[in-house]
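Report on the following structure.
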Amino acid sequence: MTSTPAPVLVGCSHGTDSVPGRAAIASILADVALARPDLDVREAFVDVQQPEVDAVVAGAVGSAPAVVVPLLLSVGFHVKVDIHGAVDRPGAAAARPLGPDPLLVEILADRLAAVGLAPDDAVVLAAAGSTDPEAADAVRLVVAALAAHLARPVTVGYGAGAHPRVAEAVAAARTDLAPGGRVVVASYLLAPGFFLDRVLEAGADVVTDALAPDPRLATIVLDRYDAVTAQASATWSPVVSAEA
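Numbering (the working numbering), first residue to last: 8 to 251.
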């Protein structure tokens with residue numbers, strides 16, 4: 008009896024026109040392939056770039072199950088509609104997004120340390136934002152975890168879909184700023200691109216780099232993949248050729 012092959016890992020991101028952003032996202036899957044060279048790792052997108060996630064999953068399930076790992080930080084339309092639709096077939100399953108996760112908090116803390124976060128600085132976490140309540144809940148968990156990790160207050164601002172917006176959060180932080188302190192924005196964004204550009208325009212004194220590249224992101228991706236591999240494998244059937 009032939010054993011079921013390991014599921015294909017489909018890393019699905021939003022897609023971006025930013026060349027540095029594309030490289031940052033690609034670095035995540037490169038680190039995944041380096042950590043798990045036995046896996047078939049494929050890239051997919053929900054917008055802007057090709058190939059589309061539905062096509063990648065359809066192409067994978069002919070020879071193996073497929074697990075889509077959203078290279079996104081929270082749930083929202085793309086997870087609940089685009090990715091959910093792509094895995095609505097035998098042999099496919101979707102993992103949950105990368106956030107929240109303790110490793111993301113570690114990366115954020117390291118980015119803040121890299122810009123020399125000082126005791127009198129105010130910290131604002133900048134998230135892309137979504138109208139989905141689950142996404143807002145996920146961001147709140149990250150804010151609380153980062154505040155606990157740093158042992159200091161952390162506020163939040165959003166690029167879109169929720170309030171306050173990043174510029175509002177930065178302005179509010181500045182009103183209570185200690186003398187000599189800075190408003191430091193922690194970028195809760197996977198990669199450079201549209202949202203990071205808007206954050207850089209929001210009036211902060213310092214903005215940290217995006218989360219990628221960082222090898223810890225590959226660890227999260229593999230955790231998400233491993234959590235649902237059995238689910239995908241359980242419903243996959245090998246394609247039988249007409250000549251068999």
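Note that beta-carbon positions come from the ideal geometry of N, C-alpha and C, so glycine has one too.
The model shown is predicted, which means the values in this text are computed figures rather than measured ones.
Exercise. Helix, strand or coil: how does DSSP classify residue 64 here?
Worked result: helix
Exercise. At which residue ranges does the segment 116 to 196 contain complete alpha helix (DSSP H) runs of 4 or more residues, listed in the order of the chain?
Worked result: For the segment 116 to 196, whole alpha helix (DSSP H) runs of length 4 or above, ordered along the chain, are 140 to 157 and 173 to 182.
Exercise. Residue 116 and residue 80: beta carbons closer than 9 Å?
Worked result: Judged by beta-carbon spacing, residue 80 lies beyond the 9 Å limit of residue 116, meaning their Cβ atoms are not closer than that value.
For this session: Count the other CB atoms, across all protein chains shown, that sit within 10 Å of the CB of residue 218; report buried if there are 16 or more and exposed otherwise.
Result: buried
Exercise. Roughly how far, in whole angstroms, is the beta-carbon of residue 163 from the beta-carbon of residue 132, given that I think they are within contact range, below 8 Å?
Worked result: 5 Å
Exercise. Near residue 175, which residues of its chain fall below 8 Å by C-beta distance, leaving aside the five closest residues on each side in sequence?
Worked result: Excluding positions up to five away in sequence, the list reads 164.
Exercise. Can you list, in chain order, the residues of its chain whose CB lies under 7 Å from that of residue 150, leaving out five sequence neighbours each side?
Worked result: 132, 161 and 163
Exercise. The alpha helix (DSSP H) spanning residue 237 covers which residue range?
Worked result: 222 to 241
For this session: Report all residues from its chain with a CB closer than 7 Å to the CB of residue 29; omit the five preceding and five following residues, and keep chain order.
Result: 23
Problem set entry | Reduced DSSP secondary structure (H/G/I, E/B, other) of residue 20 | strand
For this session: Kindly indicate which three-state DSSP category residue 97 falls into: helix, strand or coil?
Result: Reduced to three states, the DSSP call for residue 97 is coil.
For this session: Per DSSP, which residues does residue 49 bridge with? Please list them.
Result: 17
Exercise. Pick from 15, 18 and 27: whose alpha carbon is nearest that of residue 198?
Worked result: 27
For this session: State the CB to CB distance for the pair residue 15 and residue 49, rounded to an integer number of angstroms; the pair is presumed to be in contact (CB under 8 Å).
Result: 6 Å
Exercise. For residue 18, is the classification buried or exposed, using 16 other Cβ atoms within 10 angstroms of its Cβ as the cut-off for buried?
Worked result: When all chains shown are included, residue 18 counts as buried.
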